[in-house]
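Below: one structure, written as structure tokens.
Residue numbers (the UniProt record's numbering): 1 to 298.
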């Protein structure tokens, strides 16, 4: 049995993961593409207190190292098999939907080198993708996935969207999604950004800026690139913070689109006033699902 806890940013995924791991003898596997890198803590909202629960795939890579969805697929599956072999429950926690699906479904990623498409705009790449895969659900600005889909077509002579439809789940999995009313969620996102600033996000971003590292690892998380513009004198600090909040809210919206199109989640509304209620509701559902699935296999 594998459990997935996902949903948009600021809904309490990490706390719920620790709660379930304690109750169900589980170990957590990070499913956030930015938290795999060390040195980025505040902007990525990396867990500070694991409360004794084993956490995997955090701080695994240096900022200058590449780490692809193919790498994650291999690492996550290896960990899932290891955790299951020890009689424990793997719990994938994070908001990177592509990572979760790559780990749990029979997605096939090629290790072959392909054209890098350097200098080709997102609009042109997307136009090329639509020519070979008009049914694609990939977002125009998700450059990495657009390139992966183009390369998949070159290698297999069939659309990537067909491959996604035919993918099968490799593990018996319970999918949990945390959600909130949009107004409340956006308020929580804004307050989280304010808290990040108070906790030292400005210093964390400045340290990265001074290292002159602008790899994908650094430029992907929301928080650094916005503050880099402030350090460059292009915007004021207030404008940079406002941009972080705006981009975070937009990211949450994109996450919802992905989850609704790509995952079959059991949604639970986050109770911010009494998160224990949310935890117990999810635990009750998970225990019920485990019992029913065990009975089906008898």
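Here a beta-carbon is modelled for each residue, glycine too, at the ideal position from N, C-alpha and C.
Run of the beta strand (DSSP E) containing residue 141, from where it starts to where it stops: Stepping through the chain shown from its first residue, residue 141 is reached at position 141. That residue, residue 141, is in no beta strand (DSSP E); it is neither H nor E in DSSP.
CA-to-CA distance, residue 5 to residue 13, given in whole angstroms: The residue you call residue 13 lines up with position 13 of the chain shown. The residue you call residue 5 lines up with position 5 of the chain shown. Roughly 6 angstroms separates the two Cα atoms.
Pairwise C-alpha distance: residue 147 and residue 113: Taking the first residue of the chain shown as 1, we reach residue 113 at position 113. Taking the first residue of the chain shown as 1, we reach residue 147 at position 147. At residue 113 the pLDDT is 45, less than 50, meaning the model places this residue with poor confidence and gives no usable figure here.
Minimum length 3: unbroken beta strand (DSSP E) runs contained in the region 229 to 269: 266 to 269
Residue range of the unbroken alpha helix (DSSP H) whose run includes residue 19: Position 19 of the chain shown, counted from the first residue, corresponds to residue 19. Counting along the chain, the alpha helix (DSSP H) containing residue 19 begins and ends at 13 to 24.
Sufficient close CB pairs (3 or more, under 8 angstroms) joining the region 130 to 140 to the region 227 to 236: no
Bounding residues of the beta strand (DSSP E) (the contiguous stretch that carries residue 173): Counting from 1 along the chain shown, the entry for residue 173 is found at position 173. Per DSSP, residue 173 belongs to the beta strand (DSSP E) from 173 to 179.
Span of the alpha helix (DSSP H), counted from its first residue to its last, around residue 89: Position 89 of the chain shown, counting from 1, holds the residue named residue 89. Careful: residue 89 lies outside any alpha helix (DSSP H), inside the beta strand (DSSP E) at 89 to 93.
Buried/exposed call for residue 249, threshold 16 Cβ in 10 Å: In the chain shown, residue 249 corresponds to position 249, counting from 1. By the 10 Å Cβ count, residue 249 comes out buried.
Whole-Å CB distance - residue 106 paired with residue 1, under 8 angstroms assumed: Here residue 106 is taken as the residue at index 106 of the chain shown, counted from 1. Here residue 1 is taken as the residue at index 1 of the chain shown, counted from 1. That pair is no contact at about 18 angstroms.
Contact belief for residue 3 with residue 176 at Cβ below 8 angstroms, rounded distance in angstroms: Mapped onto the chain shown, residue 3 falls at position 3. Mapped onto the chain shown, residue 176 falls at position 176. Residue 3 to residue 176, Cβ: 7 angstroms. Contact.
CA-to-CA distance, residue 70 to residue 209, given in whole angstroms: On the chain shown, position 209 is the one that residue 209 refers to. On the chain shown, position 70 is the one that residue 70 refers to. Roughly 28 angstroms between the two C-alpha positions.
N-terminal and C-terminal residue of the alpha helix (DSSP H) that residue 218 is part of: Within the chain shown, the letter at position 218 stands for residue 218. In the DSSP assignment, residue 218 falls within the unbroken alpha helix (DSSP H) covering 216 to 219.
6 angstroms CB neighbourhood of residue 188 in its chain, flanking five on each side removed: Here residue 188 refers to the residue found at position 188 of the chain shown. Here the set comprises 10.
Range of the contiguous beta strand (DSSP E) that encloses residue 3: Here residue 3 is taken as the residue at index 3 of the chain shown, counted from 1. Annotation: the continuous beta strand (DSSP E) that includes residue 3 extends over 2 to 6.
Candidates 42, 95 and 285, of which the one nearest residue 8 by Cα: Residue 8 sits at position 8 when you count from the first residue of the chain shown. It is 95.
Classification of residue 73 by the beta-carbon crowding that lies within 10 angstroms, buried from 16 upward: For the purposes of this step, residue 73 is identified with residue 73 of the chain shown, where counting begins at 1. Buried, since its Cβ has 16 or more Cβ neighbours within 10 Å.
Alpha-carbon to alpha-carbon, residue 17 and residue 266: Reading the chain shown from its first residue, position 266 is the one you call residue 266. Reading the chain shown from its first residue, position 17 is the one you call residue 17. Residue 266 and residue 17: Cα-Cα distance of roughly 15 angstroms.
Bridge partners - residue 27, DSSP secondary structure assignment: Residue mapping note: residue 27 aligns to position 27 of the chain shown, counting from 1. Answer is 90.
DSSP beta-bridge partners of residue 224: If you number the chain shown from 1, residue 224 lands on position 224. Paired residue(s): none; residue 224 is not in a bridge.
N-terminal and C-terminal residue of the alpha helix (DSSP H) that residue 183 is part of: Working through the chain shown from its first residue, we reach residue 183 at position 183. Counting along the chain, the alpha helix (DSSP H) containing residue 183 begins and ends at 182 to 199.
Beta-carbon spacing of residue 217, residue 63 below 8 angstroms: On the chain shown, position 217 is the one that residue 217 refers to. On the chain shown, position 63 is the one that residue 63 refers to. Going by C-beta atoms, residue 217 is nearer than 8 angstroms to residue 63.
CB contact flag (residue 280, residue 245, <8 angstroms): As a first step, residue 280 must be located in the chain shown, where it is residue number 280. As a first step, residue 245 must be located in the chain shown, where it is residue number 245. No. Outside cutoff.
Distance between beta carbons of residue 226 and residue 243, contact taken as under 8 angstroms: Counting from 1 along the chain shown, the entry for residue 243 is found at position 243. Counting from 1 along the chain shown, the entry for residue 226 is found at position 226. Their Cβ separation, rounded to whole angstroms, is 4 angstroms, which keeps residue 243 and residue 226 in contact under 8 angstroms.
Opposing strand residues paired with residue 61 [DSSP bridges]: The sequence position of residue 61 within the chain shown is 61, counting from 1. 37.
Neighbour-count burial assignment, residue 204, 16 or more Cβ in a 10 Å radius: Start at 1 with the first residue of the chain shown, and residue 204 comes out as number 204. Burial call: buried.
Proximity to residue 100 [Cα-Cα], best of 123, 80 and 60: Here the question's residue 100 lines up with position 100 in the chain shown. Looking at the Cα atoms, 80 is the closest of the given residues.
Residue range of the unbroken alpha helix (DSSP H) whose run includes residue 305: Residue 305 lies beyond the stretch modelled for the chain, which goes from 1 to 298, so this question has no answer here.
Residue 56 vs residue 47 beta-carbon contact at 8 angstroms: Numbered from 1 along the chain shown, position 56 holds the residue referred to as residue 56. Numbered from 1 along the chain shown, position 47 holds the residue referred to as residue 47. Cβ distance not < 8 angstroms, so residue 56 and residue 47 don't count as in contact.
Nearest residue (CA-CA) to residue 168, options 119, 156 and 102: Counting from 1 along the chain shown, the entry for residue 168 is found at position 168. Comparing Cα-Cα distances from residue 168 to each of 119, 156 and 102, the minimum goes to 102.
Residue 295 burial status per 10 Å Cβ neighbour count (16 or more: buried): As a position in the chain shown, residue 295 is number 295, starting the count at 1. It is exposed - the Cβ of residue 295 has fewer than 16 other Cβ atoms within 10 Å.
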